[in-house]
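Chemist: Its first residue numbered 1, the sequence shown is counted upward by one per residue in the UniProt record's numbering. Quick reminder that beta carbons are idealized off the backbone N, C-alpha and C, glycines included. Quantities reported herein were computed from a predicted structural model and do not represent experimental measurements.
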Amino acid sequence: MKKFGEYGVHASVLDWLESNGWNTWGDPERNLWGSEVLDKKVGRETDQVVYWNILKKKIVELNDKINEQDAGEVIEMLKRDLTVENLVEGNKKFYKVLSNGKKYTLGPEHDNETIRVRLIAHPDDPDYDFSINENRFDAVTEFKVERKKGIRPDIVLFVNGIPLVTIELKSTAQDATVDQAISDMRDYEEVEPRLFVPGLLNGVCDGKEFRYAAVGSPEEFYFPWRSDEFEEGDYQPRDAVKSLFEPETLIDIFRYFVFYEENQTKVVPRYMQYYASEKILGRIKEGEPKKGLIWHTQGSGKSYTMLFAAYKAKKSPEIEDSQYLLIVDRKKLDDQMADTLAAIDFPSYSVAKNIDHLGKLLGENKAQLILTTIHKFGGVDDEVKGDVDLDTVVMVDEAHRYMERKLGNKLKAAVPDASYFGFTGTPVMEGEDLEDRNTFREFSPPEDEGYLHRYSLNDGIRDEVITRVTFTLKNIPWEIPDEKRMDMEFEEMVQNLGPEEKRKMLREYVNQTELTELRDRMEKVTEDIVDHYDRHLRPLGFKGMVVTPSRRAAALYGDELEKYMDPDEVKVVITTSGEDPEVIKRRYMTDEDERNVIKEFKEEDDPKLLVVCDKLLTGFDAPILKSMYLDKSMKNHRLLQAIARTNRPMEGKANGEIVDYAGVFADPEKVLQYEDVEFVAQAARDTEELVDEFLEKLEELISFFEDIEFDGSPESFQKCIVRLEKNPEVGNKFEDLYKEAENLYESVSPHERLGREDVEQNWAIISQIYEEFKREEDRVSLSGEIRAKTRDVLERHIAFGKIGPGKGVEYELPDREVKVVEGDIDPDYAVVDEGGRMRHTYENKGDKNIVYSSLSERVKKIMERWRRDEISASEAMEKLEEIKEQEDEIQSEQDERKLSGVEFSLFQLLTMEYNDFISGKGEAEDLAMAIGESVSDLSLEGNLSQIKQDLRSEVIQTLVDHGKTSLAKHDDKVFLDDSIQYIVKNVED
Numbered sequence: 001m002k003k004f005g006e007y008g009v010h011a012s013v014l015d016w017l018e019s020n021g022w023n024t025w026g027d028p029e030r031n032l033w034g035s036e037v038l039d040k041k042v043g044r045e046t047d048q049v050v051y052w053n054i055l056k057k058k059i060v061e062l063n064d065k066i067n068e069q070d071a072g073e074v075i076e077m078l079k080r081d082l083t084v085e086n087l088v089e090g091n092k093k094f095y096k097v098l099s100n101g102k103k104y105t106l107g108p109e110h111d112n113e114t115i116r117v118r119l120i121a122h123p124d125d126p127d128y129d130f131s132i133n134e135n136r137f138d139a140v141t142e143f144k145v146e147r148k149k150g151i152r153p154d155i156v157l158f159v160n161g162i163p164l165v166t167i168e169l170k171s172t173a174q175d176a177t178v179d180q181a182i183s184d185m186r187d188y189e190e191v192e193p194r195l196f197v198p199g200l201l202n203g204v205c206d207g208k209e210f211r212y213a214a215v216g217s218p219e220e221f222y223f224p225w226r227s228d229e230f231e232e233g234d235y236q237p238r239d240a241v242k243s244l245f246e247p248e249t250l251i252d253i254f255r256y257f258v259f260y261e262e263n264q265t266k267v268v269p270r271y272m273q274y275y276a277s278e279k280i281l282g283r284i285k286e287g288e289p290k291k292g293l294i295w296h297t298q299g300s301g302k303s304y305t306m307l308f309a310a311y312k313a314k315k316s317p318e319i320e321d322s323q324y325l326l327i328v329d330r331k332k333l334d335d336q337m338a339d340t341l342a343a344i345d346f347p348s349y350s351v352a353k354n355i356d357h358l359g360k361l362l363g364e365n366k367a368q369l370i371l372t373t374i375h376k377f378g379g380v381d382d383e384v385k386g387d388v389d390l391d392t393v394v395m396v397d398e399a400h401r402y403m404e405r406k407l408g409n410k411l412k413a414a415v416p417d418a419s420y421f422g423f424t425g426t427p428v429m430e431g432e433d434l435e436d437r438n439t440f441r442e443f444s445p446p447e448d449e450g451y452l453h454r455y456s457l458n459d460g461i462r463d464e465v466i467t468r469v470t471f472t473l474k475n476i477p478w479e480i481p482d483e484k485r486m487d488m489e490f491e492e493m494v495q496n497l498g499p500e501e502k503r504k505m506l507r508e509y510v511n512q513t514e515l516t517e518l519r520d521r522m523e524k525v526t527e528d529i530v531d532h533y534d535r536h537l538r539p540l541g542f543k544g545m546v547v548t549p550s551r552r553a554a555a556l557y558g559d560e561l562e563k564y565m566d567p568d569e570v571k572v573v574i575t576t577s578g579e580d581p582e583v584i585k586r587r588y589m590t591d592e593d594e595r596n597v598i599k600e601f602k603e604e605d606d607p608k609l610l611v612v613c614d615k616l617l618t619g620f621d622a623p624i625l626k627s628m629y630l631d632k633s634m635k636n637h638r639l640l641q642a643i644a645r646t647n648r649p650m651e652g653k654a655n656g657e658i659v660d661y662a663g664v665f666a667d668p669e670k671v672l673q674y675e676d677v678e679f680v681a682q683a684a685r686d687t688e689e690l691v692d693e694f695l696e697k698l699e700e701l702i703s704f705f706e707d708i709e710f711d712g713s714p715e716s717f718q719k720c721i722v723r724l725e726k727n728p729e730v731g732n733k734f735e736d737l738y739k740e741a742e743n744l745y746e747s748v749s750p751h752e753r754l755g756r757e758d759v760e761q762n763w764a765i766i767s768q769i770y771e772e773f774k775r776e777e778d779r780v781s782l783s784g785e786i787r788a789k790t791r792d793v794l795e796r797h798i799a800f801g802k803i804g805p806g807k808g809v810e811y812e813l814p815d816r817e818v819k820v821v822e823g824d825i826d827p828d829y830a831v832v833d834e835g836g837r838m839r840h841t842y843e844n845k846g847d848k849n850i851v852y853s854s855l856s857e858r859v860k861k862i863m864e865r866w867r868r869d870e871i872s873a874s875e876a877m878e879k880l881e882e883i884k885e886q887e888d889e890i891q892s893e894q895d896e897r898k899l900s901g902v903e904f905s906l907f908q909l910l911t912m913e914y915n916d917f918i919s920g921k922g923e924a925e926d927l928a929m930a931i932g933e934s935v936s937d938l939s940l941e942g943n944l945s946q947i948k949q950d951l952r953s954e955v956i957q958t959l960v961d962h963g964k965t966s967l968a969k970h971d972d973k974v975f976l977d978d979s980i981q982y983i984v985k986n987v988e989d
């Protein structure tokens, strides 16, 4: 097989699919569209999204009682199912048809029997012994759908003629990234939802990485896929395509790994969830060993892994007759799992409401799934025993917390001879003695397996499932308490010691809680917390959590923090009782109050700091939480759980941070006693490592311009911009690297090493190059895109009035419009600037008038020819000038015809796209004016959906009045959609 880069992304993906057994259609080397070849071979009209003739044949093959006439009737029913109002809801309904078969009533020769017509064969069919190979797998390039505006995804994967996967491909060498592929995919879903109604998932690839997501997913849910054998250094796109689109894997995911939640969300598995589930199912089927540990880092979706494994188990014929127990904590039971089971139509399950109900369920000894908590087993009658002849599988979430010896024994007594699978991100290993808690001993076979499946911290950071976490050790000086406040015994011990010896003795003499509550120390720590928050978090909009060793310490910290911050910005979340001292009782809040505080912390501006003792240190997910101010001794799994509160990813968040006032990270290996060295090293890294990483990335950014004098002058600046614009692959790499560097800078600044003049100056120049490069790409003001701390550097180091006196480029605030002033302008830079300005202008106007969209496309083609050196800078400028002249002609025509914006947009739409329905420009003008008149009083205030519906009625009536009913009905009423879009856009402005 040829190497990836030899003939592009399309050909490589097609090669990988072919090696997996797919029939591939199309040849990128010869620019041969697969859809045209297969369309001609099997007969497909380009307005259809399914290869109906292929499906019709497969329906007859897979269903004994179905003949061709029956199959034809089923096809007509399926065509109607493709028209939906809501994509995800329609996808859910069609998925049930694909999974369970299409309901169909046979004729009199079969006694009018109603059956389910199979559309896809799968091995676990209860009635037939099918194999995967009885399906037909086709990979079709350039799948053109011409209806309404028309789309042409790069590759579509069909199973029995049904589009299950749509893939959009880009190439970084052609100034296109995976993010742009996702954007295109979202557009396809909006323009032609019928293609995605049967879809299982979408895939995108730019040659650097492959991502996938369920149909209808937003950008943030496109994740990488990796095989279970993937190793660092492997080529991820090839690994992903080869493993994910292996027919057995794809059909397996289609059959067992699709859930729909109540909030119109479709869920498909991440790769670690899929492979862990498969490992569990394999072990259940084998029967031995009867345990296994799933060690997946926090934030990787362990709860869904449990559900996927249990769901497939209950659907698999050889193990469906077992009993399955899902053990979760109370909060997860109340807030999440029970609702999820209901939403995903889980077969035959019960939620244990209380101890008696759990005992009753266990006593039934039947094949079912029981969702419960470990604590309910504490009250189950000892007489309740599971049937030893009934295979039972127990899956325990947060396994490190919920197999305490007493409760674990009660569980094992109730379900003897069960298989146990534990799920954890933070295994406990207190020792090897039987009385010591040890997650590995509890859930791993004695043959030194360690774990059944692992998804490490490194894996999560690499896949951007979590962020890395860094720590900063703080040594806060504080005054020794007045000797009058010491007891006599301690005074005698320290009377001959110096201040440092006294401080050391005091630390040993009092426990950590007492030390934390010393007022002078607490005041100093509070001042440092506020300073850190104001300099590091407040400018970025992130939040923090203060962790204390006692409820009293938490309450006192709350008092101190409120001296410096608004009380609404600080909330203390602790348990209280009527017997507590007043300082604690003042922090009382109801359960509802606490829920509101948590919700506001996640979603509102305030509070900005939470102060806790034990609460919220496990299971609390708030991506906006960046820094934890730790003044409490912790170690091992409890420390890891706390650290994980800060590692949930969010835009602009390069890392979570532990600001350590308790000396916990003075010796990381002491507080994280795990044999896995990599695990300990990645749990939390010194913040200084981030500074090193930023400086390395800054040098790498500067190296993009190593043959250009890097002095910030206008001449240098223009050459740098041209370098990035001329070579899209270089530009994309620069952009990606800059965002990585900026995230690091915003995270660790202010910092002494970053405040050096040379560092600040170089970062300012690089940031200005980035800002101008993005402005040329997007033609929008980036004053909000360059982030707070970086913008401060820019303002200090570069004069925003002019980048070079009397030459080059002038910036005018606030919209930073670039204008040419006196001096020499690099010819290539002039193309970049003028072409970018024109493209942006025409794209904006294109929303209101189709003629400007055509001008925008022409500008893009000129810029592309200039990039490929097919035309010189002067030739490009001449061609751009020609387009500007045409723009003037367009404006003149509107003035001469005296048409409003709405009328002129309809006039251009009719003459450019619907010329076959009109006799000439005169009739187009009359019809445009008539429609414009009918909507002249249009207001967009109120329900926009209803307004558009009323608008549609007005346009239809006008078309009917002018004898243009055929235009109203054309191609599924596409003219109505287009005209309403342009009318609304013009009225908005």
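1) Residues bridged to Arg648 by DSSP?
2) Quick check on Lys602 - is its C-beta less than 8 angstroms from some C-beta in chain D?
3) Taking only three categories from DSSP, how would you classify Cys613?
4) Any heavy atom of the ligand ZN inside 7 angstroms of the beta-carbon of Met634?
5) What span of residues does the beta strand (DSSP E) with Leu473 cover, start to end?
6) Indicate whether Lys314 and Pro347 have their beta-carbon atoms separated by less than 8 angstroms.
7) With three or more C-beta pairs closer than 8 angstroms as the rule, is the stretch 128-143 touching the stretch 292-301?
8) What does the Cβ neighbour count give for Ser12, buried or exposed, with the cut at 16 atoms within 10 Å?
9) Let me make sure I understand the geometry here. Which of Phe443, Gly216, Gly43 has the alpha-carbon closest to that of Ala399?
10) Going by CA-CA distance only, name the one from Lys879, Ser171, Lys102 that's closest to Asp154.
11) Consult DSSP for Ile151 and reduce its assignment to one of helix, strand or coil.
12) Which of the three DSSP states, helix, strand or coil, is assigned to Ser979?
13) Three or more C-beta pairs closer than 8 angstroms, one from the stretch 97-113 and one from the stretch 213-222: is that the case here?
14) Just the Cα atoms here: how many angstroms apart are Ala352 and Ser419?
15) Could you give the first and the last residue of the continuous beta strand (DSSP E) run that contains Lys103?
16) Spatial neighbours of Met395 within its chain, please: CB distance less than 6 angstroms, with the 5 preceding and 5 following residues excluded, ordered by chain position.
17) Enumerate in chain order the residues of its own chain whose CB-to-CB distance from Leu782 is below 6 angstroms, with the five nearest sequence positions on each side excluded.
18) In this structure, does DSSP put Gly21 in helix, strand or coil?
19) Here's the rule: buried if 16 or more other CB atoms are within 10 angstroms of the residue's CB, otherwise exposed. What is Lys626?
20) For a minimum of 3 consecutive residues, which ranges assigned as the beta strand (DSSP E) are wholly contained in the stretch 201-239?
21) Short of 6 angstroms in beta carbon distance, which residues of its chain neighbour Gln264, apart from the five on each side in sequence? Order them along the chain.
22) In angstroms, rounded to a whole number, what distance separates the CA positions of Thr372 and Asp321?
23) Helix or strand or just coil, what does DSSP make of Gln891?
24) Using the Cβ count rule (16 or more neighbours within 10 Å means buried), how would you classify Glu742?
25) Exposed or buried, Ala176, counting other C-beta atoms within 10 Å across all chains shown (16 or more means buried)?
26) Taking the DSSP output, what are the residues bridged to Met545?
27) My parser needs the beta strand (DSSP E) runs of 3 or more residues fully inside the stretch 325-377; what are they?
28) What residue from Gly901, Gly207, Arg685, Arg255 has the CA that sits closest to Ala666's CA?
29) Between the stretch 111-120 and the stretch 10-27, can you find at least three pairs of beta-carbon atoms closer than 8 angstroms?
30) For the beta strand (DSSP E) containing Leu169, name the first residue and the last one.
31) Give the DSSP-derived three-state secondary structure of Glu146 in the structure shown.
32) Near Met77, what residues of its chain come up, given a Cβ to Cβ distance below 8 angstroms and the 5 sequence neighbours on each side ignored?
33) On the premise that Gly72 lies in contact with Lys56, defined as a C-beta separation below 8 angstroms, what is that separation, rounded to the nearest angstrom?
34) Tell me the DSSP secondary structure of Thr177 in three-state form.
35) According to DSSP, simplified to helix, strand and coil, what is Leu244?
36) Is it right to say Ala342 is buried, meaning 16 or more other beta carbons lie within 10 angstroms of its own, or is it exposed?
Modeler: In short:
1) Position 648 of the sequence shown, counting from 1, holds the residue named residue 648. In the DSSP output, where bridge partners are listed per residue, Arg648 has none listed.
2) Considering every chain present, this structure includes no chain D. It has just one protein chain.
3) What you label residue 613 is simply residue 613 of the sequence shown in a count that begins at 1. In this structure, Cys613 counts as coil in the three-state DSSP scheme.
4) Looking for the ligand ZN in the displayed structure turns up nothing, as the structure carries no ligands at all.
5) Here residue 473 is taken as the residue at index 473 of the sequence shown, counted from 1. Residues 468-473.
6) The residue you call residue 314 lines up with position 314 of the sequence shown. The residue you call residue 347 lines up with position 347 of the sequence shown. Yes, they are a contact pair.
7) no
8) What you label residue 12 is simply residue 12 of the sequence shown in a count that begins at 1. The residue is buried, with at least 16 neighbouring Cβ atoms inside 10 Å.
9) As a position in the sequence shown, residue 399 is number 399, starting the count at 1. The shortest C-alpha separation from Ala399 is found at Phe443.
10) Indexing the sequence shown from 1 puts residue 154 at position 154. It is Ser171.
11) As a working note, residue 151 is residue 151 in the sequence shown. Reduced to three states, the DSSP call for Ile151 is strand.
12) For the purposes of this step, residue 979 is identified with residue 979 of the sequence shown, where counting begins at 1. Helix.
13) no
14) On the sequence shown, residue 352 is found 352 positions in, with the first residue counted as 1. On the sequence shown, residue 419 is found 419 positions in, with the first residue counted as 1. Ala352 and Ser419: Cα-Cα distance of roughly 20 angstroms.
15) The sequence position of residue 103 within the sequence shown is 103, counting from 1. Counting along the chain, the beta strand (DSSP E) containing Lys103 begins and ends at 102-105.
16) As a working note, residue 395 is residue 395 in the sequence shown. Excluding residues within five positions, the ones whose Cβ falls inside 6 angstroms are Met306, Leu326, Phe421.
17) In the sequence shown, counting from the first residue as 1, residue 782 sits at position 782. At Leu782 the pLDDT is 42, less than 50, meaning the model places this residue with poor confidence; the figure from the coordinates comes in the next sentence. Answer for Leu782: Glu771, Lys774, Arg775, listed in chain order.
18) What you label residue 21 is simply residue 21 of the sequence shown in a count that begins at 1. The answer is coil: DSSP assigns Gly21 none of H, G, I, E or B.
19) The residue given as residue 626 occupies position 626 in the sequence shown. It counts as buried.
20) 201-205, 210-214
21) Position 264 of the sequence shown, counted from the start, is the residue given in the question as residue 264. Closer than 6 angstroms at Cβ, skipping near neighbours: Val88.
22) Locating residue 372 in the sequence shown gives position 372, counting from the first residue. Locating residue 321 in the sequence shown gives position 321, counting from the first residue. Between Thr372 and Asp321, the C-alpha separation is close to 19 angstroms.
23) On the sequence shown, residue 891 is found 891 positions in, with the first residue counted as 1. It is helical.
24) Mapped onto the sequence shown, residue 742 falls at position 742. Burial call: buried.
25) As a working mapping, residue 176 is identified with position 176 in the sequence shown. Ala176 is buried by the Cβ-count criterion.
26) Locating residue 545 in the sequence shown gives position 545, where the first residue counts as 1. Answer is Leu610, Met628, bridged to Met545.
27) 349-351, 369-372
28) Looking up residue 666 in the sequence shown gives position 666. Of the listed residues, the one whose Cα sits closest to Ala666 is Arg685.
29) no
30) Looking up residue 169 in the sequence shown gives position 169. Run containing Leu169: 162-169, per the beta strand (DSSP E) assignment.
31) As a working note, residue 146 is residue 146 in the sequence shown. Here Glu146 sits in coil by DSSP.
32) The residue given as residue 77 occupies position 77 in the sequence shown. So the list reads Lys102, Tyr104, once near-sequence residues are dropped.
33) Reading the sequence shown from its first residue, position 56 is the one you call residue 56. Reading the sequence shown from its first residue, position 72 is the one you call residue 72. Right, the Cβ-Cβ distance comes to about 7 angstroms (below 8 angstroms), so this counts as a contact.
34) Residue numbering aside, residue 177 sits at position 177 when the sequence shown is read from its first letter. It is coil, neither helix nor strand.
35) Numbered from 1 along the sequence shown, position 244 holds the residue referred to as residue 244. The answer is helix: DSSP assigns Leu244 an H, G or I state.
36) Sequence index remark: in the sequence shown, residue 342 carries index 342 (1-based). Exposed is the call here.
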